[in-house]
Amino acid sequence: MSELDKLYAEIVACSACQRLVDFRHKISCEKRAAYRHEEYWGKPVPGFGDANAQLLIVGLAPAAHGGNRTGRVFTGDGSADFLMQGLYKFGFANQPTSVNRDDGLQLINAYVLAAVRCVPPDNKPTPEEILTCRPFMVKEMALLPKVKAVLALGKIGMDSYINSLPTSERPKPRPQFGHGVVYDINSIRLFGSYHPSRQNTQTGRLTKEMFGDVLGEIKCWLKSR
Ligand code: SF4
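Position one of the sequence shown corresponds to residue 7 (this note's numbering), numbered consecutively onward.
Printed below as a string of structure tokens:
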């Protein structure tokens, strides 16, 4: 068993945050009508992708009827579709869809994880829950030795990435989240993008063009490494 597989097993078995344990269980029992015949995953969701990736993508948390249903991060909902279409267009995925764990999706030179591994009510983890889950991110990042670029999807993604660095490596002044921001932290370039949530993509706050601009910059940066 690889070190990543061992970590995945540790993550999936976690029940440290009682509020989130209760919520993921509730969602998995109630289900959305369209998925009422499916068995929901209903457990913490580990990262997914290429262990030798140069690009690390940091999201917020599994979606109630996306990752919490399918057991794979950014899988089975509108956010997953938006993200994967972008990754596919820029050569970071072998297909533009992410439907379920057996759909053949492979990330290419990319790895995606969520800062919080259990679905939170209203997509809002508490600061304490983010803190409690952070050791998993620290451990997972340590097992991804080739990362050269980090794409933070939203403010929590960016803050979580920075807070997962050793204290001595955290930049000062502290990077501030915004769409299109870029920071160099040691040898890694950190990119910010609005999260591809339905709330952002359906209101036009994040368009495919805006997201493509960020991915294009990342592609250029990695080519220069
Ligand atoms: S959010 Fe993280 S720390 Fe909390 S129960 Fe889920 S996996 Fe465990």
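The beta carbon of each residue, even a glycine, is placed where N, CA and C say it ideally should be.
(message) Across the region 182 to 200 and the region 69 to 80, are there enough close Cβ pairs to call them in contact, namely three or more that are closer than 8 Å?
(response) Too few Cβ pairs lie closer than 8 Å, so no.
(request) Measuring alpha carbon to alpha carbon, tell me which of Q205, M147, M7 and K152 ends up nearest S166. (result) The option with the nearest alpha carbon to S166 is M147.
(message) Closer than 7 Å to a non-hydrogen atom of the ligand SF4 - does that hold for the CB of V27?
(response) With a cutoff of 7 Å, V27 counts as near the ligand SF4, since its C-beta is closer than that to a heavy atom of the ligand.
(message) Quick check on the DSSP output: the alpha helix (DSSP H) that includes G163 runs from which residue to which?
(response) DSSP places G163 in the uninterrupted alpha helix (DSSP H) bounded by K161 to N169.
(request) Return yes when the Cβ of I63 is within less than 8 Å of the Cβ of L159, no when it is not. (result) Taking 8 Å as the Cβ cut-off, L159 and I63 qualify as a contacting pair.
(request) Tell whether a beta-carbon distance below 8 Å holds between I17 and P50. (result) Their beta carbons are under 8 Å apart, which means I17 touches P50 by this criterion.
(request) Could you please give the first and the last residue of the uninterrupted alpha helix (DSSP H) stretch that includes V18? (result) Boundaries of the alpha helix (DSSP H) around V18: E9 to V18.
(message) By DSSP's criteria, A120 is part of a beta bridge. Which residues make up the other side?
(response) Within the DSSP bridge table, the entry for A120 names G65 as partners.
(request) Determine the DSSP secondary structure at V153, reduced to helix, strand or coil. (result) The three-state reading of DSSP puts V153 in coil, since its state is none of H, G, I, E or B.
(request) Spell out a yes or no on whether the region 8 to 17 and the region 37 to 48 are touching, meaning 3 or more CB-CB pairs, one atom from each, closer than 8 Å. (result) Verdict: no, contact absent.
(message) Which residue marks the beginning of the beta strand (DSSP E) containing V188, and which one marks its end?
(response) Here the beta strand (DSSP E) through V188 covers V188 to I191.
(message) Among N169, I194 and Q208, whose alpha-carbon lies nearest the alpha-carbon of R231?
(response) For the residues N169, I194 and Q208, the minimum Cα distance to R231 belongs to I194.
(message) Which residue wins for smallest C-alpha separation from I191, given the options S174, T207, G184 and N206?
(response) Of the candidates S174, T207, G184 and N206, the residue whose Cα lies closest to the Cα of I191 is S174.
(request) Specify whether the region 212 to 221 and the region 88 to 97 touch according to this definition: at least 3 beta carbon pairs, one from each stretch, less than 8 Å apart. (result) A contact exists between the region 212 to 221 and the region 88 to 97.
(message) Closer than 7 Å to a non-hydrogen atom of the ligand SF4 - does that hold for the CB of I17?
(response) Yes, Cβ of I17 sits closer than 7 Å to a heavy atom of the ligand SF4.
(request) Could you tell me the distance, in whole angstroms, from the CA atom of L66 to the CA atom of Q24? (result) Computed Cα separation, rounded: 18 Å.
(message) Using C-beta distances below 8 Å, list every residue in its chain close to A39, excluding the 5 sequence neighbours before and after it, in chain order.
(response) Nothing meets the Cβ criterion.
(request) Would you check if the region 110 to 127 and the region 53 to 60 touch, i.e. whether three or more CB-CB distances between them fall below 8 Å? (result) With a cut-off of 8 Å on Cβ pairs, the region 53 to 60 is in contact with the region 110 to 127, counting three or more such pairs.
(request) Please go through the same chain and pick out, in chain order, the residues whose beta-carbon is closer than 6 Å to the beta-carbon of F183, but skip the five residues on each side of it. (result) Within its own chain, the residues whose Cβ lies closer than 6 Å to the Cβ of F183, once the five positions on either side in sequence are excluded, are K161, M164 and G198, listed in chain order.
(request) Determine, using beta carbons only, whether E135 comes closer than 8 Å to chain D. (result) Absent from the structure is chain D; it holds one protein chain and no more.
(request) Classify P179 as buried or exposed, calling it buried when 16 or more other Cβ atoms lie within 10 Å of its own Cβ. (result) So P179 ends up on the exposed side.
(request) Assign T209 to one of two classes, buried (16 or more other C-beta atoms within 10 Å of its C-beta) or exposed (fewer than that). (result) In the assembly as shown, T209 is an exposed residue. Its beta-carbon has fewer than 16 other beta-carbons within 10 Å.
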